[in-house]
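Residue numbers (full-length UniProt numbering), protein chains in the order written: chain P, 1 to 223; chain F, 1 to 223.
Heads up, the beta-carbon is just placed ideally off N, CA and C, and yes, glycines get one too.
Remember, it's a predicted structure, so these values are computed and weren't measured experimentally.
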């Protein structure tokens, strides 16, 4: 079965490191879905505006491998315990397909590459190819009582501190998405080295931070 | 991007007509997931037993077309109103990929083609190719308050009556899955012809029924 990308997303996440591990955790995380020219048809979205959330079926395009491994080490478990690949949402899977539910903010039909769908709560790296979009149907899809093995809760949020006015000149929206993203601590859980500086690219800014005693210290933010 | 089936499901639904339009509506609907030989590795399922529900990403193998149409007519809307294909869960999509959350009943590691996963609540026709299995993670996937356009509620359940002891000799489990499936009224919503006999294949039985005044009358059930 051969699939084609119907769209790509532009997102606030310029690289894999820092991308939230599930969708919806960082509502500030924005995305813009741009259809491949063949699929730029407003009719294909008719009625979509009556749904608040969408499923994106996408390709883990930065995780494509030719072999497959039966187990993975989820960062959630400290990176040192193995679980089955089908018991995880790891990008390294036999078919590198991902699944995210995102909030539909608006549909811009006047965009030059439109219709363009504005999204919130994304957990996708910039440029991710989208292979399907489906409406979220709560009567079928929402199972709040489901038992969830090793991932029963959303990640804890750490407090975020900007050091030496590192946030100077940032817009409120950039500050919000940066803080919310770093607060959930992108580090692999097995790393807890207060001296280590981490970096990632969010909303066009190169962010550098350290973590000590469950406090995030953002050291710099270069646009 | 080329995908391969990692598994297939055997289900109680011998043909497309009669298959529930979403997963979970008919909990009695059973499935058995059999991996393709290359993927028959119990390690790939390690930890899966701690999750109550799974996502199946599958191919709508009976709905594959070479062209695509921007709109579809959901049976839910009486089959006479068009909505965008991306605002629907129709099988006729640019990439014929489906998404269902099913209940994990058990994993049979002693099955000759094992590990075999026993499922409940399926909405898949027998033989559906599976391209991915993911654990259901309620903190990310469960959004009971999401707004759901034209499909805000599960379908209404009609009352089911067996005519002339048509259920004679049926096992309790077969009777349960047949009743629960026909109760949600597989007919396209634009058909309401009390004289018409419908038929489909459930759990190995060829079922024939009529619908009058929101009552299902099962006329025959041939094993």
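| query | For residue 119 of chain F and chain P, any beta-carbon pair shorter than 8 Å? | reply | False, the Cβ-Cβ gap to chain P never drops below 8 Å.
| Nearest to residue 114 of chain F (by Cα), restricted to the options F:206, F:216, F:174, F:32 | Checked all of F:206, F:216, F:174, F:32; the closest Cα to residue 114 of chain F is F:32.
| If you scan the UniProt domain "TsaA-like" (3-145) of chain P from start to end, which runs of the beta strand (DSSP E) of 3 or more residues do you find wholly inside it? | 7-11, 30-35, 53-59, 97-108, 116-120, 129-135
| DSSP state of residue 212 of chain P mapped onto helix, strand, coil | strand
| For residue 126 of chain F, which residues from the same chain have a beta carbon less than 7 Å from its beta carbon, with the 5 sequence-adjacent residues on both sides left out? | 10, 11, 13, 14
| said: I need the DSSP call for residue 184 of chain F, collapsed to helix, strand or coil. | reply: coil
| task | Take residue 172 of chain P as the anchor and find which of P:28, P:23, P:159, P:131 has the nearest alpha-carbon. | result | P:28
| query | If you count every other CB in all the chains shown that lies within 10 Å of the CB of residue 123 of chain P, and 16 or more means buried, which is it? | reply | Buried, because 16 or more other Cβ atoms sit within 10 Å of the Cβ of residue 123 of chain P.
| task | Report the three-state DSSP secondary structure of residue 148 of chain P (helix, strand or coil). | result | strand
| query | DSSP on residue 159 of chain F, reduced to helix/strand/coil? | reply | strand
| query | Using the C-alpha atoms, what's the distance from residue 158 of chain F back to residue 41 of chain F? | reply | 43 Å
| field | Burial state of residue 218 of chain P, where buried means 16 or more other Cβ atoms lie within 10 Å | value | buried
| query | What did DSSP end up calling residue 220 of chain P once you bin it into helix, strand or coil? | reply | strand
| query | So who's on the other strand from residue 199 of chain F, going by DSSP bridges? | reply | F:208
| field | Reduced DSSP secondary structure (H/G/I, E/B, other) of residue 176 of chain P | value | helix
| field | Residue-chain proximity (residue 88 of chain P, chain F), Cβ-Cβ < 8 Å | value | yes
| field | Reference residue 37 of chain P, options P:161, P:112, P:207, P:197, closest by Cα | value | P:112
| message | If I measure Cβ to Cβ from residue 176 of chain F and keep anything under 8 Å in the same chain, skipping five residues before and after, which residues do I get? | response | Answer for residue 176 of chain F: 28, listed in chain order.
| request: Flag this pair as yes or no: are the beta carbons of residue 92 of chain P and residue 63 of chain P separated by less than 8 Å? | output: yes
| task | Would you mind stating whether residue 182 of chain F and residue 163 of chain F have Cβ atoms separated by less than 8 Å? | result | no
| message | Assuming contact is defined by CB atoms lying nearer than 8 Å, are residue 147 of chain P and residue 24 of chain F in contact in what I supplied? | response | no
| Which residue's Cα is closest to the Cα of residue 46 of chain P: F:35, F:60, F:43, F:71? | It is F:71.
| task | Check whether the Cβ atoms of residue 20 of chain F and residue 189 of chain F sit closer than 8 Å, and answer yes or no. | result | Between residue 20 of chain F and residue 189 of chain F, the C-beta spacing is not below 8 Å.
| Using the C-alpha atoms, what's the distance from residue 152 of chain P back to residue 119 of chain F? | 21 Å
| Spatially closest choice to residue 110 of chain F from F:34, F:79, F:179, by CA coordinates | F:34
| query | According to the Cβ coordinates, are residue 3 of chain P and residue 133 of chain P closer than 8 Å? | reply | no
| task | Check the C-beta distance from residue 82 of chain P over to residue 137 of chain F and give it rounded, since I have them as a contact under 8 Å. | result | Between residue 137 of chain F and residue 82 of chain P the Cβ distance is about 18 Å, and since that is not below 8 Å, they are no contact.
| query | Are the beta-carbon atoms of residue 59 of chain F and residue 97 of chain F separated by less than 8 Å? | reply | yes
| Out of P:174, P:213, P:68, P:161, which has the shortest C-alpha to C-alpha gap to residue 202 of chain P? | Considering only alpha carbons, the answer is P:174.
| How should residue 179 of chain F be labelled, buried or exposed, when 16 other C-beta atoms within 10 angstroms of its C-beta is the threshold for buried? | buried
| task | Return the Cβ separation of residue 222 of chain F and residue 205 of chain F in integer angstroms, given the expectation that the two are a contact with Cβ distance under 8 Å. | result | In this structure, residue 222 of chain F and residue 205 of chain F form a Cβ contact; the two beta carbons are roughly 6 Å apart against a cut-off of 8 Å.
| request: Apply the 10 Å Cβ neighbour rule to residue 103 of chain P and answer buried if 16 or more other Cβ atoms are within range, or exposed otherwise. | output: buried
| Roughly how far, in whole angstroms, is the beta-carbon of residue 5 of chain P from the beta-carbon of residue 129 of chain P, given that I think they are within contact range, below 8 Å? | 4 Å
| request: Could you tell me which chain P residues have their CB closer than 8 Å to the CB of residue 31 of chain F, listed as they occur along the chain? | output: Within 8 Å Cβ-Cβ: nothing; residue 31 of chain F doesn't reach chain P, min ~15 Å.
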